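Chains as they are written, first to last, in the numbering used here: chain A, 1 to 469; chain B, 1 to 249; chain C, 1 to 300.
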């Protein structure tokens, strides 16, 4: 009998190079008032932020872990290095970035992408941003793209940040939101003024290089009325045996009739616990478009939430999750319809192989006020072998009769018939299967930024090769 | 004598898009009118608006039926007055049988309770005219019916409800020659029995063969561009719409 | 008062949604001595039971190749607890019909074990009920085991219904089909949890689940939680849900034939229940339901 084709994991060697860290830059592990004060000192926090961090720590200490989702037993927060001092100040000149850091980002293709297709780039290495730059014409249009720390000290934005920071995701939201509030560091602040439509995207790249460390970057984006922005977020880390932790937080404020497209390619190494919280508040006529690719990490909890708060606000979520050996990726989305005539659309795909577990988890809530709202959810899962697992856990909570909510889900495998059909037209079995997997992922990958889509497709194809028994 | 249906300066559309740009149309009682025009001219829209579809918004103009302004009335009230629309794509409704539905409709329109036995008899007779298997009476309304069966079911309803004015929206489209004959026979029966008025939206003459067309209206880009008698139908089919559309401008 | 969590979702999810289980006071349901009855009716002459309170335990035991059918009516204001065990042994067919007729607080639990080539057909109709908590755990243990569930509900006022249904696929080529149709009016509240669980080893299994919910009034509350859990490659699973008002296209069609809006609502609500009632396959019961929901084609 013929062996089954195995689809290999995505090739990670590209991301697995690393530089040794000088441990004298570590601020210590775990979460204590002392460490938090040290972080505040190091970052020259404002007074309210010092207090905010300490208050978040208290919340963290008294908040229990969630009672659902994948196990995070392997994660010992007390041994996670929460802050790593940088070797250099943040720069907007690539030449000033330290050699090893520069080399890392060169390998990941960040400066090249900036030259070719981006309006601005930010790069975070461990705890701090090391590079941030925006094109001149973009800056002149009034768009602000900088790191959160310096914006907080800039009197033009200080108040704006104080009134938005962790208001959408309060530290009381869950244990890791509290942890984030206490030890957050790095990330981006983006402000797009009224009427400004950025044609080319901004990108942030997060790289966690240090062993046994945590990355807690905070992204705050505010779009004023009638503006447009596409923001791309990329994440990666080399592989270590110690668990790493990513507990970032993304808060997006989408103004009246504004549109924000937020694309993420998460490719953390398989020792990482990715417990990220993302949330968008969408005003009247505004729109949030999430594109989310989850490929890496050991364990992920990731459910970007859209709160449709103004009449006619819209949310679109397109996601793909690929869980391979040793991975437990729990992903999905949450949508709250909070105003009349709002609409949401969710389309996800998940693939499980080599013992990987993927879970699609969602919540669609239509509140009493959301009369005339519509929601459609479609999720599909593909099982590539019988040692993997794929679960689908959607919830719909509808509190008004004037709503129209649809949901469909499907799970299955690559059909022998389809493989046979393609093979009868001359494709090898591996080519046929790769083509089917690519086809399965297609309507998601075409929403990804081009370079990521190409990379994803290549990886699927490459890794199918030589895997026929 | 006043007209049965009188449409004056009717403008209607969806959201921000206007589809009917001031339509005028009069139809006298007992007459047969044909409505033609290229695709997208607004023929079906006009039919739906006359019936009171909530999908379209009337922004100005009026529709009068037997001298009364019905522009703002809901569809069921219009049906009670004697208006009928044979849908181009009749909807499917699971759980309600054709018979149960039609009996309810008839009782609503006439305001009279009808004995089940009498209704069944009436229904059976009408189904025979259309060559419909009597089993269809107990099947869910339009659910899983083929295109032809759906159209027959529409004409069946026309025969049972006996409206004063019936708008037939491409009732012949997608039907084979035999089915067109059957449907035509049904329409003829309706005319014979009630002397009812017809507005026929169509692309060909087959369905008109047995009917005596009094007037033809050509609709283009949401407006009536030309009107004429029955011979206009032949003319359009031979020479196309072009001439009338351009002439209308 | 003893609060317990009933109808636990097989895999927990976001706590704030309050769908991981139903918290109830166990005393609100049937109390007293448990009464045991074995239901031995057949397809031709089904066993019928009328319940109006107390604690009831039932067993339907279909030996190899046997055909069993039982119909249970639950009514009355008194609290009731039903514990129903179904054993569908190899090659047998079991059909269980439960009709809730404006009952009080009821805790209803069905546990079924479906053997090789056996079939279990469950029809549940909830025509009102003060507070019904209903759990079904169908284990498809044998090869080619089949499970179908047809569930209908029509809730008004402040009625509450909480359902937790699990099709647990273990046998090769086992299949399940779950169809739920319901209508919520006034301030009625409903939770439907439906899980298709493909265990490792259930090679070639198929499961499909669908729920259609018609919402009639502003203050209704509907929660739909359709899970697919999968630990086997060669399976096919699907679920669908559609929740909302009557389709406007259907409303216009019926209106254009002279039927006013209120009447359309009534017809559509009845239609949902009638579709499920048609699965009962027992004339007297179907008539009884038609009487409960009104209308239908009366015989003259």
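We put the CB at the ideal spot given by N, CA and C, even for glycine.
What you are looking at is a predicted structure, and each value in this text was computed from that prediction instead of being measured.
For residue 6 of chain A, decide whether its Cβ has a neighbour in chain C, counting only Cβ atoms nearer than 9 Å. Within the first chain, residue 6 of chain A is the residue found at index 6, counting from 1. Low per-residue confidence applies at residue 6 of chain A: pLDDT is 44, beneath 50, and the placement is therefore not dependable enough to give any value.
For residue 58 of chain A, which of helix, strand or coil comes out of DSSP? For this step, residue 58 of chain A is matched to residue 58 along the first chain. Note: residue 58 of chain A maps to helix in three-state DSSP.
Residue 383 of chain A: first and last residue of the uninterrupted beta strand (DSSP E) it sits in: Within the first chain, the letter at position 383 stands for residue 383 of chain A. From DSSP, the beta strand (DSSP E) with residue 383 of chain A extends over 373-383.
Taking 9 Å as the threshold (beta carbon to beta carbon), is residue 60 of chain C in contact with chain A? Stepping through the third chain from its first residue, residue 60 of chain C is reached at position 60. Not one chain A Cβ lies under 9 Å of residue 60 of chain C.
How many angstroms separate the CA atom of residue 466 of chain A from the CA atom of residue 453 of chain A? Sequence index remark: in the first chain, residue 466 of chain A carries index 466 (1-based). Sequence index remark: in the first chain, residue 453 of chain A carries index 453 (1-based). Its pLDDT being 40, under 50, residue 466 of chain A is placed unreliably in this model, and the value from its coordinates should be taken loosely. It is roughly 23 Å from the alpha-carbon of residue 466 of chain A to the alpha-carbon of residue 453 of chain A.
For residue 442 of chain A, the residue or residues it bridges with in DSSP: Along the first chain, read from residue 1 onward, the residue named residue 442 of chain A stands at position 442. The partner list for residue 442 of chain A (beta bridge, DSSP) is empty, contrary to what the question assumes.
Determine the chain B residues that contact residue 93 of chain C at a beta-carbon separation under 7 Å, and present them in chain order. For the purposes of this step, residue 93 of chain C is taken as the residue at position 93 of the third chain. Within chain B, no residue comes near residue 93 of chain C; the closest Cβ sits about 26 Å away, beyond 7 Å.
Is the stretch 208-223 of chain B close to the stretch 55-62 of chain B, with three or more CB pairs under 8 Å? no
Assess, as a yes-or-no matter, whether the stretch 35-42 of chain A is touched by the stretch 134-146 of chain A under the definition of 3 or more beta carbon pairs within less than 8 Å. no
Given residue 275 of chain A, which residues of its chain have a CB within under 6 Å of its CB, disregarding the five upstream and five downstream residues? Within the first chain, residue 275 of chain A is the residue found at index 275, counting from 1. Result list for residue 275 of chain A: 176, 247 and 301, in chain order.
Would you please verify whether the beta carbon of residue 12 of chain C is less than 9 Å from any beta carbon of chain A? For the purposes of this step, residue 12 of chain C is taken as residue 12 along the third chain, with counting starting at 1. Closer than 9 Å to some Cβ of chain A, the Cβ of residue 12 of chain C qualifies, so yes.
If the cut is a Cβ gap below 7 Å, which residues of chain C does residue 88 of chain B touch? Counting from 1 along the second chain, the entry for residue 88 of chain B is found at position 88. Ordered by position in chain C, no residue passes the 7 Å Cβ test against residue 88 of chain B, which lies about 12 Å from the chain.
Going along the chain, which residues of the stretch 236-253 of chain C sit with their C-beta nearer than 9 Å to a C-beta in chain B? 247, 248, 249, 250, 251, 252 and 253
Would you say residue 434 of chain A lies against chain C (beta-carbon separation less than 9 Å)? Here the question's residue 434 of chain A lines up with position 434 in the first chain. For residue 434 of chain A, no Cβ of chain C is located within less than 9 Å of the residue's own Cβ.
Burial state of residue 7 of chain C, where buried means 16 or more other Cβ atoms lie within 10 Å: Taking the third chain and counting its residues from 1, one reaches residue 7 of chain C at position 7. It is buried - the Cβ of residue 7 of chain C has at least 16 other Cβ atoms within 10 Å.
Limits of the alpha helix (DSSP H) - the one that residue 175 of chain A falls within: Sequence index remark: in the first chain, residue 175 of chain A carries index 175 (1-based). Segment 175-183, the alpha helix (DSSP H) holding residue 175 of chain A.
Using the Cα positions of residue 273 of chain A and residue 179 of chain A, report the straight-line distance between them to the nearest angstrom. Within the first chain, residue 273 of chain A is the residue found at index 273, counting from 1. Within the first chain, residue 179 of chain A is the residue found at index 179, counting from 1. Their Cα atoms are separated by approximately 14 Å.
Which partner residues does residue 90 of chain C have in the DSSP bridge list? As a first step, residue 90 of chain C is located in the third chain; it is residue number 90 there, counting from the start. Its beta-bridge partners do not exist; DSSP assigns none.
Counting C-beta neighbours from all protein chains within 10 Å, is the total for residue 303 of chain A 16 or more, i.e. buried, or is it exposed? Taking the first residue of the first chain as position 1, residue 303 of chain A is located at position 303. So residue 303 of chain A counts as buried.
Proximal residues of chain A, C-beta to C-beta of residue 233 of chain C below 8 Å: Locating residue 233 of chain C in the third chain gives position 233, where the first residue counts as 1. Chain A residues near residue 233 of chain C: 383, 384, 385, 386, 388 and 413.
Going by DSSP, what residue range makes up the alpha helix (DSSP H) through residue 419 of chain A? As a position in the first chain, residue 419 of chain A is number 419, starting the count at 1. Annotation: the continuous alpha helix (DSSP H) that includes residue 419 of chain A extends over 416-424.
Taking its Cβ as the centre, do 16 or more other Cβ atoms sit within 10 Å of residue 40 of chain C, making it buried, or is it exposed? Taking the third chain and counting its residues from 1, one reaches residue 40 of chain C at position 40. If you draw a 10 Å sphere on the C-beta of residue 40 of chain C, you find fewer than 16 other C-beta atoms in it, and that means exposed.
Taking residue 225 of chain B as the reference, give the member of B:63, B:164 and B:42 with the closest Cα. Taking the second chain and counting its residues from 1, the one referred to as residue 225 of chain B is at position 225. Ranking the options by Cα distance to residue 225 of chain B, first place goes to B:42.
Minimum Cβ-Cβ distance from residue 450 of chain A to chain C less than 9 Å: What you label residue 450 of chain A is simply residue 450 of the first chain in a count that begins at 1. Answer no: the Cβ-Cβ gap between residue 450 of chain A and chain C never drops below 9 Å.
Could you have a look at residue 238 of chain C and say whether DSSP puts it in helix, strand or coil? Position 238 of the third chain, counting from 1, holds the residue named residue 238 of chain C. Residue state, collapsed to three classes: strand.
Can you list, in chain order, the residues of the stretch 209-230 of chain C whose Cβ is nearer than 7 Å to any Cβ on chain A? 215, 216, 217, 218, 220, 221, 222, 223, 224, 225, 226, 227, 228, 229 and 230
Amino acids of chain A, ordered along the chain, whose beta-carbon sits closer than 9 Å to that of residue 200 of chain C: Against the third chain, residue 200 of chain C aligns to sequence position 200. Those are 386, 387 and 389, listed as they occur along chain A.
Cα-Cα separation, residue 185 of chain A to residue 153 of chain A: Your numbering for residue 185 of chain A matches position 185 in the first chain. Your numbering for residue 153 of chain A matches position 153 in the first chain. So the alpha carbons of these two residues sit roughly 15 Å apart.
Is it buried or exposed for residue 170 of chain A, if we count other Cβ within 10 angstroms and need 16 for buried? In the first chain, counting from the first residue as 1, residue 170 of chain A sits at position 170. With fewer than 16 Cβ atoms within 10 Å of its Cβ, residue 170 of chain A is classed as exposed.
Restricting to Cα atoms, I'd like to know which of A:214, A:401 and A:103 is closest to residue 81 of chain A. Counting from 1 along the first chain, the entry for residue 81 of chain A is found at position 81. Considering only alpha carbons, the answer is A:214.
Report yes or no: do the stretch 251-268 of chain C and the stretch 226-241 of chain C share at least 3 C-beta pairs separated by less than 8 Å? Judged by Cβ distances under 8 Å, the stretch 251-268 of chain C makes no contact with the stretch 226-241 of chain C, as fewer than three pairs qualify.
For residue 407 of chain A versus residue 226 of chain C, is the C-beta spacing smaller than 9 Å? Indexing the first chain from 1 puts residue 407 of chain A at position 407. Indexing the third chain from 1 puts residue 226 of chain C at position 226. With respect to residue 226 of chain C, residue 407 of chain A sits close: the two C-beta atoms are nearer than 9 Å.
Three-way DSSP call (helix, strand, coil) for residue 435 of chain A in this model: Numbered from its first residue, the first chain carries residue 435 of chain A at position 435. It is helical.
Quick one: which residues of the stretch 148-176 of chain C get their C-beta closer than 7 Å to a C-beta of chain A? List them in chain order. none
Among residues of its own chain, excluding the 5 on either side of residue 157 of chain B, which ones have a beta-carbon nearer than 7 Å to its beta-carbon? Walking along the second chain from the start, residue 157 of chain B turns up at place 157. Excluding residues within five positions, the ones whose Cβ falls inside 7 Å are 102.
Any C-beta of chain E sitting closer than 9 Å to the C-beta of residue 66 of chain A? No chain E appears in the structure shown, which is made up of the protein chains A, B and C.
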